[in-house]
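Numbering (the working numbering), first residue to last: 7 to 139.
Just so it is clear, CB atoms sit at the ideal spot from N, CA and C, and this is done for glycine as well.
Quick caveat: nothing in here was measured; it's all calculated off a predicted structure.
Here is the structure we will look at.
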Ligand SMILES: [Zn+2]
């Protein structure tokens, strides 16, 4: 049976199989890894049960602590050297450092977390890793 999206176009799986690179890009944009049109998230971090456009089931993909781990890893590796550089170069006041890097860490974390969750769910989809549901 041929699977089509809402426009009548074949889904990615019909064309090229489950391409990891395409799926990761779609997941990063928080779109369905299968069709790339439907939204993967129903709120900031909650993954939809199914895609609203193609009906792809997404409920069995569980990212668990992966996105949080990757977010901390990336934010830490970006902000720690920046903090050291700024401190050794300009020696700003501690409250200034706290304010700037606190907002920087918070903003970067809030930006990365849902995108990394989308990418992890898309990775699981592309590799056909399904949890128990
Ligand atoms: Zn979809």
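Looking at the DSSP output, residue 63 shares a beta bridge with 56. Distance check between residue 103 and each of 40, 58, 88 and 68 places 88 closest, using alpha-carbon atoms only. Distance from the CA of residue 135 to the CA of residue 38, rounded to the nearest whole angstrom, comes to 16 Å. With 5 Å as the limit between CB and the heavy atoms of ligand 1, the residues that fall short of it are 38, 40, 41, 44, 57, 59, 60 and 62. Separation of residue 13 and residue 75 (C-alpha to C-alpha, rounded to the nearest whole angstrom) is 37 Å. With fewer than 16 other Cβ atoms from the protein chains shown falling within 10 Å of its own Cβ, residue 55 counts as exposed.
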